[in-house]
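K.L.:
First, the structure itself, so that you have it in front of you.
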Amino acid sequence: MNKNTVDGTLKQVKGSVKEALGKVTGNEKLEAEGATEKVAGKAQQAAKDLADKAHGDK
């Protein structure tokens, strides 16, 4: 695992926690921040996967 994979996974987890906490507390801003952070983590992982494919890595 490289740094982008780890960072992307951490962003997704952190985003999921924020999103869930926002839902439980009724805090729409926190929920939206969590959803945004989750998407950013997924995008970071997708970019890493594309870079790997471009370089012929598995």
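Residue 136 is where the sequence shown starts when you use my numbering, and the numbers rise one by one after that.
Positions of the beta carbon are idealized from the N, C-alpha and C atoms, including for glycine.
For clarity, every value in this text was computed on a predicted model and none was experimentally measured.
Cutting at 7 Å between CB atoms, please list the residues of its own chain near G161, excluding the five before and the five after it.
P.N.:
No residues qualify anywhere along the chain.
K.L.:
Report buried or exposed for E163, applying the criterion of at least 16 other Cβ atoms within 10 angstroms of its Cβ.
P.N.:
So E163 counts as exposed.
K.L.:
Can you tell me the Cα-Cα spacing of L156 and K146, whole angstroms?
P.N.:
Each residue's Cα considered, the two are about 15 Å apart.
K.L.:
Out of A167, D187, Q179, V174, state which residue places its alpha-carbon closest to the alpha-carbon of G141.
P.N.:
It should be noted that the sequence gives Val, not Gly, for residue 141. Minimum Cα distance to V141 is reached at Q179.
K.L.:
Three-state secondary structure (DSSP) at N162?
P.N.:
It is coil, neither helix nor strand.
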